[in-house]
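From first to last, the protein sequence lines stand for chains L, U and V. Residues in the first sequence are numbered consecutively from 1, following the working numbering. Residues in the second sequence are numbered consecutively from 1001, following the working numbering. Residues in the third sequence are numbered consecutively from 2001, following the working numbering. Glycine included, each C-beta is placed from N, C-alpha and C at the ideal position.
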Amino acid sequence: MKSFKRELTFIKNTRRSFTNITPEAETALADSGIREGLLLCNAMHITASVFINDDEAGLHRDFEAFLERLAPEKPHSQYAHNGYEDNADAHIKRQIMGREVVVAVTNGKLDLGPWEQIFYGEFDGMRPKRVLIKIIGE
Amino acid sequence: MKSFKRELTFIKNTRRSFTNITPEAETALADSGIREGLLLCNAMHITASVFINDDEAGLHRDFEAFLERLAPEKPHSQYAHNGYEDNADAHIKRQIMGREVVVAVTNGKLDLGPWEQIFYGEFDGMRPKRVLIKIIGE
Amino acid sequence: MKSFKRELTFIKNTRRSFTNITPEAETALADSGIREGLLLCNAMHITASVFINDDEAGLHRDFEAFLERLAPEKPHSQYAHNGYEDNADAHIKRQIMGREVVVAVTNGKLDLGPWEQIFYGEFDGMRPKRVLIKIIGE
């Protein structure tokens, strides 16, 4: 069995954003030399998400509106977590969108459906944050 | 290490439905010959979900009502994604219910709790859509 | 390839609670002897969750309030599932928080970010319930 690990670092200049990281996952897989197995990709921070959905700007605005409706950022005082912090909403948003994806690796490729793209969802940006890619297989 | 892949195709005759696919996962595992490892089962489409919960019709009606309350299908015009599309709600519903499950394989069986059943959640049906099963182990 | 399995059992004395189970996952990993691979940790019951977030009591109160707003426990009669059962809300809450986490194993350690902690989320407690840990790798 082979294993491979890579960390990606992102500094986003807004509090919330969605970034397509499929190319980085594909590069990691190519560098790993693994042809059959599983790829795990997860946010290493608990106010961020890795998820798979569509690379379409309108949908991303819909996600933003949906998440703000369910767990609004402001007023900060509505959350018990927000004493020294102001990011309770980001912890909740990440919980809705999920921490991680596991993707099949087949014939040396990410085994994704036709529209599946991997995204980094940032909910408390403007500082360096990491994503982990771990691949096992052979 | 052994690996095994299978794709399932579903055409549901309503926009939304839940289908128990535990038997298909069990058959794939038996066909793989893998006795210890992990089984990944994921929707390959981004308006559908694979999740684990209870096989009980009342609960499925509760899921439907819950998802429609959080991300209603209509009016289609409420979503920025819906220009040529009308399925923004399906992308959001799938995000709530999740894309995938990872199930332990122990002694050649899916290592599920007493009531755990694997479901395909369709949120934009009436066309062929695929589910991926990938198993690694030995 | 090596594989390792452990079940944890919890009996919580309230209907809902969050329990940090990172130490139990670390102990299982140490006992497995696996140094590179993947660790799956999932609830075996469909009214409970395993998720990763912050070990902060204020945030846990925010999660509780958020989940009760989205899928209130009472009145029990609001849910189609609740005939002989009274726990439809718990099935829905678990769906929001997720069933499982998959964590990378690197150099014999859980490869977690600085604040990532693994939690057992109980939504229908006061009886014995199980969590599965499965580790594969070498």
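Give the DSSP-derived three-state secondary structure of residue i in the structure shown.
i               : result
T2014 (chain V) : coil
E1085 (chain U) : coil
K2074 (chain V) : coil
I118 (chain L)  : strand
G1058 (chain U) : helix
T2009 (chain V) : strand
A30 (chain L)   : helix
A1080 (chain U) : coil
I2135 (chain V) : strand
I2021 (chain V) : coil
R99 (chain L)   : coil
F1066 (chain U) : helix
R94 (chain L)   : helix
N1107 (chain U) : coil
D2123 (chain V) : According to the sequence displayed, residue 2123 (chain V) carries Phe and not Asp. Residue state, collapsed to three classes: coil.
Give me the chain V residues within the contact set of residue i, using Cβ-Cβ distance strictly less than 9 Å, ordered along the chain.
i               : result
L39 (chain L)   : None at all; the shortest Cβ gap to chain V is about 10 Å.
F1051 (chain U) : Q2095 and R2099
H45 (chain L)   : G2113, P2114, W2115 and E2116
Does chain V have any CB closer than 8 Å to the CB of residue i?
i               : result
S32 (chain L)   : no
L1110 (chain U) : no
D1124 (chain U) : no
L1029 (chain U) : no
Could you say which of the options lies nearest to residue i if we only look at CA atoms?
i               : options                               : result
R130 (chain L)  : L:A25, L:A48 and L:R94                : L:A48
R1015 (chain U) : U:N1107, U:G1037, U:G1125 and U:K1074 : U:G1125
F119 (chain L)  : L:G33, L:R127, L:R99 and L:G108       : L:R99
A1025 (chain U) : U:F1123, U:H1091, U:H1060 and U:V1050 : U:V1050
E122 (chain L)  : L:L112, L:P75, L:I136 and L:H60       : L:H60
Q1117 (chain U) : U:F1018, U:M1044 and U:I1011          : U:F1018
F10 (chain L)   : L:M1, L:M44, L:K2 and L:I34           : L:M44
N2107 (chain V) : V:I2021, V:E2036, V:D2031 and V:R2094 : V:E2036
S2032 (chain V) : V:I2046, V:T2022 and V:R2006          : V:R2006
N2053 (chain V) : V:A2071, V:E2138, V:I2021 and V:P2075 : V:I2021
D1086 (chain U) : U:A1071, U:I1133 and U:M1097          : U:A1071
R69 (chain L)   : L:D89, L:G58, L:A57 and L:M1          : L:D89
E2056 (chain V) : L:I46, L:K12, L:D111 and L:N13        : L:I46
Can you name the residues of chain V whose CB is closer than 7 Å to the CB of residue i?
i              : result
I136 (chain L) : G2037, L2038 and G2137
Y79 (chain L)  : D2062
Taking 8 Å as the threshold (beta carbon to beta carbon), is residue i in contact with chain U?
i               : result
G2083 (chain V) : yes
H2076 (chain V) : no
L2008 (chain V) : no
D89 (chain L)   : no
R99 (chain L)   : no
A2003 (chain V) : Note that residue 2003 (chain V) corresponds to Ser in the displayed sequence, not to Ala. Answer yes: the Cβ-Cβ gap between S2003 (chain V) and chain U drops below 8 Å somewhere.
R2130 (chain V) : yes
Any C-beta of chain L sitting closer than 8 Å to the C-beta of residue i?
i               : result
T2106 (chain V) : yes
R1127 (chain U) : no
E2056 (chain V) : yes
I1092 (chain U) : yes
So which residues on chain U does residue i lean against when the C-beta distance must stay under 7 Å?
i              : result
V102 (chain L) : L1040, E1100 and V1102
Using a Cβ cut-off of 7 Å, pull out every chain L residue sitting near residue i, in sequence order please.
i               : result
A1071 (chain U) : F66
Subject >> Meets three-Cβ-pair contact criterion under 8 Å: the segment 60 to 70 of chain L and the segment 1072 to 1090 of chain U >> reply: Segments in contact, yes.
**Prompt:** When the Cβ atoms of the segment 101 to 116 of chain L are set against those of the segment 32 to 44 of chain L, are three or more pairs found closer than 8 Å?
**Reply:** These segments touch.
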